[in-house]
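In short: position in the sequence shown from 1, add 74, done, that's our numbering. We treat Cβ as the ideally placed atom computed from N, Cα and C, and that holds for glycine. Quantities reported herein were computed from a predicted structural model and do not represent experimental measurements. Read the structure below first, then the notes.
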Amino acid sequence: MPYVMVQIPNPSASESPLPRSVPTSADVARLAGVSRATVSYVLNNTDAVRISEPTRRRVREAARELGYVPHAAARSLRAGYSRMVLTPAPSFAAGPLYTRFLSELQWALGRLDYTVVQYGSVGLHGDEAARAWAELRPVAVLAPGSDLGPQGVEVLKRSGARAVVTLGPEAVEGAHALLADQERVGRSAVRHLYDRGRRRIGVVVPAEEGLDAFSAPRLAGARRAVRGTDAAVTELPLAYEERDAARLAARWASLGLDAVFTYNDEYAMLLMRALQDEGLAIPGDAAVIGADDLMLGRLLRPRLSTVHLELPSGRDLAALVDRAVHDPGAAPERHKVLGAAVVHRESS
75 MPYVMVQIPN PSASESPLPR SVPTSADVAR LAGVSRATVS YVLNNTDAVR ISEPTRRRVR
135 EAARELGYVP HAAARSLRAG YSRMVLTPAP SFAAGPLYTR FLSELQWALG RLDYTVVQYG
195 SVGLHGDEAA RAWAELRPVA VLAPGSDLGP QGVEVLKRSG ARAVVTLGPE AVEGAHALLA
255 DQERVGRSAV RHLYDRGRRR IGVVVPAEEG LDAFSAPRLA GARRAVRGTD AAVTELPLAY
315 EERDAARLAA RWASLGLDAV FTYNDEYAML LMRALQDEGL AIPGDAAVIG ADDLMLGRLL
375 RPRLSTVHLE LPSGRDLAAL VDRAVHDPGA APERHKVLGA AVVHRESS
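See the structure below:
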């Protein structure tokens with residue numbers, strides 16, 4: 075095989091582009107005709123000093139023209155702590171309800187001048203994950219559905235985290251806690267089916283990893299709802315796949331079930347279609363109820379009964395983070411969240 079040598083020309087120094095200098099707050103101040111302190115007040119959204127709106131606009135326009143952005147590390151050094159709030163990326167497929175909650179929280183924290191960073195910690199759990207989060211030196215950590223323990227909370231606090239907030243069924247020592255009663259979701263759904271005359275009730279348990287923190291207590295709540303009655307609950311493992319739903323629907327008659335709580339609305343839509351494809355009438359042959367109260371459930375025929383979940387307000391949670399950052403020595407707060415109310419529609 076012939077080889078061809080190619081010489082790559084080396085550009086002369088005169089042809090090399092000169093590196094552009096990084097703009098500073100002094101450059102912004104000169105262009106806007108104000109002091110550096112004024113630039114700092116405006117770009118850091120400081121309310122302690124009264125600055126006219128025309129001046130604020132002039133500073134922002136100058137910063138945009140120069141491509142200047144404040145130096146987060148420098149600002150952290152002046153304040154003594156960062157403005158980063160870390161949220162671990164969920165280990166489960168986040169649904170529309172959780173995504174909407176997270177968006178509202180990010181907006182509310184941004185209004186308080188915090189920067190929200192989502193950390194992808196796949197394969198890391200508990201205290202090991204806490205050590206990885208601590209390396210970024212966040213001022214606060216929000217750990218939804220985490221298996222974080224007291225030791226992990228202590229690691230985060232020693233690294234400078236002023237607030238650690240957990241969202242789960244139980245409080246963690248040293249952390250603020252948003253207590254989510256997932257059992258209530260399953261209990262409400264199955265009690266509704268029982269009150270509608272159903273006695274052989276299936277409960278879908280997703281096969282996907284990461285959802286057991288939600289599905290296990292919902293199943294426990296479902297069983298509690300019919301304890302001491304003439305009804306029975308049957309666990310139904312189900313992957314979020316059409317083929318798996320079709321297999322479950324094909325053996326529905328042999329299971330002898332007359333109703334199903336499907337964990338959430340997305341699994342309800344999946345299973346309802348499979349049951350209808352098998353010729354089963356809903357709710358005649360099988361009453362169905364989901365959870366989350368998604369818009370798509372209202373568009374189904376029959377319309378989907380569901381459990382409406384009330385997640386904590388993003389604004390309220392941001393206020394909790396801000397209080398904890400400004401008073402890190404305060405006793406941890408405990409708040410019960412996740413209200414659950416049945417919405418009865420045609421499918422049940």
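Pairing residue 369 with residue 375, the inter-Cα distance amounts to about 13 Å. The beta carbon of residue 192 lies closer than 6 Å to those of 161, 163 in the same chain, with the five residues before and after it left out. If one requires a minimum length of 3 residues, the beta strand (DSSP E) runs lying completely within the region 186–246 are 189–193, 214–218, 237–242, in chain order. For residue 394, the enclosing alpha helix (DSSP H) covers residues 388–400.
The residue from 108, 287, 99, 420 with its alpha-carbon nearest to that of residue 270 is 420. No Cβ-Cβ contact shorter than 7 Å links residue 221 with residue 248. In this structure, the beta-carbon distance from residue 412 to residue 254 falls below 7 Å. In this structure, DSSP gives residue 325 a state outside helix and strand, which the three-state scheme calls coil. Annotated as proximal: residue 363 and residue 335, with beta-carbon spacing under 7 Å.
The continuous alpha helix (DSSP H) containing residue 266 extends over residues 256–269.
According to the DSSP assignment, residue 132 belongs to the alpha helix (DSSP H) that extends over 127–140.
Going by DSSP, residue 112 is part of the alpha helix (DSSP H) stretching over 110–117.
Setting aside the 5 residues that flank it on each side, residue 171 is surrounded in the same chain by 366, each with a C-beta closer than 6 Å to its C-beta; the list follows chain order. Residue pairing of residue 414 in beta bridges, as defined by DSSP: 383. Each residue's CA atom was taken as its position, placing residue 328 and residue 278 some 16 Å apart. For the pair residue 348 and residue 262, the Cα-to-Cα distance works out to about 25 Å. Here residue 245 is near residue 408, since their CB atoms are less than 7 Å apart. For residue 102, the enclosing alpha helix (DSSP H) stretches over residues 99–106. In the DSSP assignment, residue 309 is bridged to 277.
With contacts defined by Cβ atoms closer than 7 Å, residue 113 and residue 102 form a contacting pair. Measuring C-alpha to C-alpha distances from residue 379 to each of 393, 206, 360, 388 identifies 360 as the nearest. Here residue 240 is buried. Its C-beta has 16 or more other C-beta atoms within 10 Å. Contact between residue 251 and residue 388 is absent: CB atoms are separated by about 17 Å, not below the 8 Å threshold. Counting only the Cα atoms, residue 339 lies some 12 Å from residue 417. The C-beta separation of residue 226 from residue 204 comes to about 3 Å, placing the pair in contact by the 8 Å criterion. Distance between residue 323 and residue 288, taken at the CA atoms: about 24 Å. The Cβ atoms of residue 99 and residue 110 lie closer than 7 Å to each other.
Apart from the 5 residues on each side of it in sequence, residue 304 sits with its Cβ closer than 7 Å to the Cβ of 273 in its chain, given in chain order. Considering only 377, 176, 230, 260, the residue with the shortest C-alpha distance to residue 390 is 176. Per DSSP, the beta bridge partners of residue 335 are 277, 363. Leaving aside the five residues that flank residue 142 on each side, the residues in its chain whose CB is nearer than 6 Å to its CB run, in chain order, 97, 102.
In the DSSP annotation of this structure, the continuous segment of the beta strand (DSSP E) that includes residue 162 starts and ends at 158–162. Judged by beta-carbon spacing, residue 264 lies within the 7 Å limit of residue 275, meaning their Cβ atoms are closer than that value.
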